[in-house]
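Novice: Below: one structure in structure tokens.
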Amino acid sequence: MDLFEYQGKQYFARYDIAVSAGGVALTVDEAVKQAELAKYPVVIKAQVQVGGRGKAGGIKLANNAEEVRTHATNILGMDIKGHVVKRVWVEHASDIAEEYYASFTLDRSAKRHLLMLSAQGGVEIEQVAVTDPTAIIKLYVNPIEGLSLETARRAVVDARISQKAIDGVAAMLVKLYECFTKGDCDLAEINPLILKPNGEVHALDAKVTLDDNAAFRHPEWDEYRATEELDEREKLAREKNLQYIGLDGTVGIIANGAGLAMSTLDVVNQVGGKAANFLDIGGGANAELMTAALEVINSDTKVKSIFINIFGGITRGDEVAKGIVEAMNRVKLRAPIVIRLDGTNAIEGRAIIANAGIDESQLISRSTMLEAARVAVDLAGKN
Amino acid sequence: MAIFVNENTKVLVQGLTGGQGRFHGLRNRDYGTQVVAGVTPGKAGQDVEGIPVYDSVEAAVIATGATASFIAVPPKAAPAAILEAARAGISFIVCITEGVPAQDEARVFANLQRDFPKTRLLGPNCPGIISPGKCNIGITAGEIAALPTKNGPNVGIVSRSGTLTYQALYELKQLNIGVSTCVGIGGDPVPGTSFVDCLAEFQADPETHAIIMIGEIGGTAEEEAAEFITNHVTKPMSAYIAGVTAPAGKKMGHAGAIVSGGKGTAQGKMDALRSAGVMIGLNPTEACDLMSQIVAGF
Numbered sequence: 492m493d494l495f496e497y498q499g500k501q502y503f504a505r506y507d508i509a510v511s512a513g514g515v516a517l518t519v520d521e522a523v524k525q526a527e528l529a530k531y532p533v534v535i536k537a538q539v540q541v542g543g544r545g546k547a548g549g550i551k552l553a554n555n556a557e558e559v560r561t562h563a564t565n566i567l568g569m570d571i572k573g574h575v576v577k578r579v580w581v582e583h584a585s586d587i588a589e590e591y592y593a594s595f596t597l598d599r600s601a602k603r604h605l606l607m608l609s610a611q612g613g614v615e616i617e618q619v620a621v622t623d624p625t626a627i628i629k630l631y632v633n634p635i636e637g638l639s640l641e642t643a644r645r646a647v648v649d650a651r652i653s654q655k656a657i658d659g660v661a662a663m664l665v666k667l668y669e670c671f672t673k674g675d676c677d678l679a680e681i682n683p684l685i686l687k688p689n690g691e692v693h694a695l696d697a698k699v700t701l702d703d704n705a706a707f708r709h710p711e712w713d714e715y716r717a718t719e720e721l722d723e724r725e726k727l728a729r730e731k732n733l734q735y736i737g738l739d740g741t742v743g744i745i746a747n748g749a750g751l752a753m754s755t756l757d758v759v760n761q762v763g764g765k766a767a768n769f770l771d772i773g774g775g776a777n778a779e780l781m782t783a784a785l786e787v788i789n790s791d792t793k794v795k796s797i798f799i800n801i802f803g804g805i806t807r808g809d810e811v812a813k814g815i816v817e818a819m820n821r822v823k824l825r826a827p828i829v830i831r832l833d834g835t836n837a838i839e840g841r842a843i844i845a846n847a848g849i850d851e852s853q854l855i856s857r858s859t860m861l862e863a864a865r866v867a868v869d870l871a872g873k874n
Numbered sequence: 137m138a139i140f141v142n143e144n145t146k147v148l149v150q151g152l153t154g155g156q157g158r159f160h161g162l163r164n165r166d167y168g169t170q171v172v173a174g175v176t177p178g179k180a181g182q183d184v185e186g187i188p189v190y191d192s193v194e195a196a197v198i199a200t201g202a203t204a205s206f207i208a209v210p211p212k213a214a215p216a217a218i219l220e221a222a223r224a225g226i227s228f229i230v231c232i233t234e235g236v237p238a239q240d241e242a243r244v245f246a247n248l249q250r251d252f253p254k255t256r257l258l259g260p261n262c263p264g265i266i267s268p269g270k271c272n273i274g275i276t277a278g279e280i281a282a283l284p285t286k287n288g289p290n291v292g293i294v295s296r297s298g299t300l301t302y303q304a305l306y307e308l309k310q311l312n313i314g315v316s317t318c319v320g321i322g323g324d325p326v327p328g329t330s331f332v333d334c335l336a337e338f339q340a341d342p343e344t345h346a347i348i349m350i351g352e353i354g355g356t357a358e359e360e361a362a363e364f365i366t367n368h369v370t371k372p373m374s375a376y377i378a379g380v381t382a383p384a385g386k387k388m389g390h391a392g393a394i395v396s397g398g399k400g401t402a403q404g405k406m407d408a409l410r411s412a413g414v415m416i417g418l419n420p421t422e423a424c425d426l427m428s429q430i431v432a433g434f
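Protein chains in written order, with the numbering used here: chain P, 492 to 874; chain U, 137 to 434.
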């Protein structure tokens, strides 16, 4: 789960990482209130999960209530690369002497934690990596040894960060590492990490991605969950406990297993179609689950055909077929289904579908993935 | 021969008295796997359809001589279960648990590497391993796997995805191609066993003549495999990579399947494998058809 900047800052604050005084606002009036609390001058920042906010006009400085009103009015509702701004973060403007970059991730190849640190912050780190790769230092941390203050200090010196900031940045790195590990982050990034003229080190931005698998030990994440930006289809799918990702094609997809679902998207694309979604129904593709899945797909008005791709392993094909037939009796579908059923008891399953008494134009069975994809794409084009 | 497990492997099941452990543990035994013990703290002295249950892995190992463990416990309990098995001297651990936090996986991996370098962990979040006709640990339906033929050629399978593993097993069976061992390494960010580990074993296994690899988007495991293949694998290979059409920044079901910052794309992985001499299928069926052509040349 990706956090908004303001949530990232609140999360950082839990680990004693210094952030600016500020608050979140959903309306112009609230923005003024937050500005008064934070003390002028303030910065008003659009809360969207996409880069390039500044360039799009989503970050503005305000010296008084009138300026806050003007900027907040402009920013709230603004469309930044397809993301509509629903909230702004208002914080006391910081004096900046220097800007650095710091992040922790899990390096999957090394199977170690990876610190990336640079004295060149405030810009896209990917750009720094291209133009001046030596400006970024990488330090691998063994997860069972952790990051000591001495090691952090050495990294800061290696990154050629100013003498006067060394202690502050090193201490900050240890706290950020704590947040990354104990806080179960996939990513904890500060860009820029600033040095103020008074010598304080401070997180001016926060980019945090949480590991959904760790939600069971973080009840405090519930509030972040509430602000997640899901479309209607994704909301319905979450209620039904389905692994669903909305896309923008016309062929609705249901498959069992994440790999097979991904593969189904690929095959639909290969034969000239576009998938409307990714949906992994999991191992037990019974009538309940199938009904729920079809309801979600049916709520997507762009869907012109539905491709159900099931491989029976332990899940038996005949049970899946019964589930589909039962689900079709429960949900009135707007688009025809093409089913490919293979694996354990597939022949029995296909017989159940053939004998279900459902019109062949509404439920079409094909024995291979490729054939079924062709029919589904064809139907999506025709309707 | 087969890799990692064979007909002599004695398996204990951590979580045998739970729903998943019981279901799959008994299926594994029905397949012919030597399932010799179960472990559930507080349930020593009980049995599950004749399989004795012990309080700890250590007690089960002492009583039965088990060398492999099948872990089917919830995500909260999985890290401790893995380390308990390693401490008790288990050399091969299969953990099917889905939903283990990445930080826990990283710590467990580092712990095994430092304290138990001889213990191999498969998973978490993997379908398991099957050496057809000999041993099946995990959730694979044994009946879809073709037995290896006496004089070959036989194929080894290694995959990051569960259902695509079954798909490959099934297609090879339709094509009458024998399978030496099929390993599902799982779709999590820090798998205990990598493609490279499996490729090295398959390369060394005289019963394996060719290899199918099934990868997916995210991470760099396929690229690392490609480099290893270039330098160390002489056996012919075909491969399929799932997720060509996956949008960037979205996790496609598996915790590890995500294209981020332009890295981990299917195209990049296919290109890397192709330049390592691997034949690439654009869907699982094509990868198996390519394998059929490879096998016909033996």
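Glycine is no exception: its CB is placed at the ideal position from the N, C-alpha and C atoms.
Cα separation between P:Leu861 and P:Ala871?
Specialist: Whole-angstrom Cα-Cα distance: 15 Å.
Novice: Our contact map puts U:Phe331 next to U:Glu307 with C-beta atoms below 8 Å; I'd like the distance itself, whole angstroms only.
Specialist: U:Phe331 to U:Glu307, Cβ: 20 Å. No contact.
Novice: Is the stretch 743-762 of chain P close to the stretch 698-709 of chain P, with three or more CB pairs under 8 Å?
Specialist: no
Novice: Is it true that the CB of P:Pro688 sits closer than 7 Å to the CB of P:Ala588?
Specialist: Yes, the Cβ-Cβ distance between P:Ala588 and P:Pro688 is below 7 Å.
Novice: What residue from U:Ala391, U:Gly392, U:Ile416 has the CA that sits closest to U:Gln403's CA?
Specialist: U:Ile416
Novice: Let me check one thing: in DSSP terms, what residues is P:Arg857 bridge-paired to?
Specialist: P:Arg831
Novice: Between P:Ile751 and chain U, is the shortest Cβ-Cβ distance under 7 Å, so that the two count as touching?
Specialist: The question names Ile, yet the displayed sequence has Leu at residue 751 of chain P. So yes, P:Leu751 belongs to the interface.
Novice: Rounded to a whole number of angstroms, what is the C-alpha to C-alpha distance between P:Thr859 and U:Ile229?
Specialist: 35 Å
Novice: Among U:Ile226, U:Ala375, U:Gly320, whose alpha-carbon lies nearest the alpha-carbon of U:Lys146?
Specialist: U:Ile226
Novice: Quick check: the Cα distance between P:Ile849 and P:Ile828, rounded to an integer number of angstroms?
Specialist: 11 Å
Novice: From this set, U:Gly379, U:Thr344, U:Gly181, U:Ala238, which residue's C-alpha is nearest U:Ser267's C-alpha?
Specialist: The shortest C-alpha to C-alpha distance from U:Ser267 to any of U:Gly379, U:Thr344, U:Gly181, U:Ala238 is the one to U:Thr344.
Novice: By the DSSP assignment, the alpha helix (DSSP H) with P:Lys666 in it spans what residues?
Specialist: 657-673
Novice: Would a C-beta distance cut-off of 7 Å place P:Ala679 and P:Phe595 closer than the cut-off?
Specialist: yes
Novice: Starting from P:Ala584, follow the beta strand (DSSP E) in both directions and report where the run begins and ends.
Specialist: Counting along the chain, P:Ala584 falls outside any beta strand (DSSP E), and DSSP gives it neither H nor E.
Novice: Taking Cβ positions only, does U:Ala361 come closer than 7 Å to chain P?
Specialist: no
Novice: How would you label P:Glu714, buried or exposed, when you count the other beta carbons within 10 angstroms and need 16 or more for buried?
Specialist: exposed
Novice: For U:Arg411, which option in U:Met373, U:Ile430, U:Phe434 has the closest C-alpha, if you only look at C-alpha atoms?
Specialist: In the sequence under discussion, the amino acid at residue 411 of chain U is Ser, which differs from the Arg named in the question. Of U:Met373, U:Ile430, U:Phe434, the residue nearest in Cα terms is U:Met373.
Novice: Where do the N-terminal and C-terminal ends of the alpha helix (DSSP H) with U:Asn247 fall, by residue?
Specialist: U:Asn247: member of the alpha helix (DSSP H) spanning 238-251, first to last residue.
Novice: Taking any Cβ of chain P, which residues in the stretch 207-238 of chain U have a Cβ under 8 Å from it, in chain order?
Specialist: Pro211, Lys212, Gly235, Val236, Pro237, Ala238
Novice: When DSSP labels each residue in this structure, what does U:Cys231 get in the three-state scheme?
Specialist: strand
Novice: From the DSSP output, in three-state form, read off P:Phe495 for me.
Specialist: coil
Novice: What does U:Ile280 reach in chain P if we use C-beta pairs closer than 8 Å?
Specialist: By Cβ distance, chain P contributes Gly804, Gly834, Thr835.
Novice: If you draw a straight line from the alpha carbon of P:Thr835 to that of P:Arg544, how long is it in whole angstroms?
Specialist: Inter-residue distance for P:Thr835 and P:Arg544 is about 52 Å (C-alpha atoms, whole angstroms).
Novice: Report yes or no: is there a C-beta of chain P within less than 7 Å of the C-beta of U:Phe338?
Specialist: no
Novice: Rounded to whole angstroms, what is the Cα-Cα separation between U:Gly168 and U:Tyr302?
Specialist: Rounded to the nearest whole angstrom, the C-alpha separation of U:Gly168 and U:Tyr302 is 19 Å.
Novice: Name the DSSP beta bridge partners of U:Gln170, please?
Specialist: U:Lys146
Novice: With 7 Å set as the bound, which would you pick, yes or no: does the beta-carbon of P:Ala620 sit closer than that to a beta-carbon of chain U?
Specialist: no
Novice: Which of the three DSSP states is assigned to P:Lys726 in this structure?
Specialist: DSSP places P:Lys726 in helix when its eight states are reduced to three.
Novice: Which of helix, strand or coil does DSSP assign to P:Asp570?
Specialist: strand
Novice: Let's test the definition: count the other Cβ atoms within 10 Å of the Cβ of P:Thr741 and tell me whether it reaches 16, buried, or not, exposed.
Specialist: buried
Novice: For chain U, is any of its Cβ atoms less than 7 Å away from the one on P:Arg880?
Specialist: A question about residue 880 of chain P goes unanswered here, because the residues of chain P that appear run from 492 up to 874.
Novice: Less than 7 Å separating the beta-carbons of P:Met569 and P:Val579?
Specialist: no
Novice: Can you find at least 3 beta carbon pairs, one from the stretch 725-745 of chain P and one from the stretch 374-392 of chain U, that sit closer than 8 Å?
Specialist: They touch, by the three-pair rule.
Novice: Leaving out five residues before and five after P:Ser856 in sequence, what residues of the same chain have Cβ atoms less than 6 Å from its Cβ?
Specialist: Ile830, Arg841, Ile844
Novice: What does DSSP give as the partner residue(s) for U:Phe206 in the beta ladder?
Specialist: U:Val149, U:Val230
Novice: Taking only three categories from DSSP, how would you classify U:Arg256?
Specialist: strand
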